[in-house]
Amino acid sequence: ECKCHGMSGSCTVKTCWMRLPPFRLVGDNLKDRFDGASRVMVSNAGSLRATGGRKSRYNFQLKPYNPDHKPPGVKDLVYLEPSPLFCERNPRLGIQGTHGRQCNATS
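Just so you know, the sequence shown maps onto residues 521 to 627 in the numbering used here.
(1) Can you give the Cα-Cα distance for E521 and V533, rounded to whole angstroms?
(2) First and last residue of the alpha helix (DSSP H) that includes R559?
(3) State the DSSP-derived secondary structure class of N610, mapped to helix, strand or coil.
(4) In three-state DSSP terms, what is K534?
(5) Would Y599 and A557 be called neighbours here (beta carbons separated by less than 7 Å)?
In structure tokens:
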């Protein structure tokens, strides 16, 4: 977005700035990526170069957990482990669970 400055709108000086999209649009796009996130495994990129794998600038490569899925793109959201079930008690993770209450696992 830009704004002109000067006598009678002559635009002798032009000030421009970046503008974020509306918050709702950012949230909707992030939610779409979250819903489409895929589980991956980390592979040592050094061993993959010999087999024709793409060189990674971080020295590791993400491979799909399910071999039938395609590798993630640079803008895809990925995860290494499934989220814990917060309805069930898990002292190791500090999750109290929902004992005595109804659990909504999708909320």
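Idealized CB from N, CA, C, for every residue including glycine. The model shown is predicted, which means the values in this text are computed figures rather than measured ones.
Looking at the coordinates:
(1) 14 Å
(2) Note, R559: premise wrong, no alpha helix (DSSP H); beta strand (DSSP E) at 558-564.
(3) In the structure shown, N610 sits in a strand (DSSP, three-state: E or B).
(4) strand
(5) Yes, the pair counts as a contact, with Cβ atoms nearer than the cut-off.
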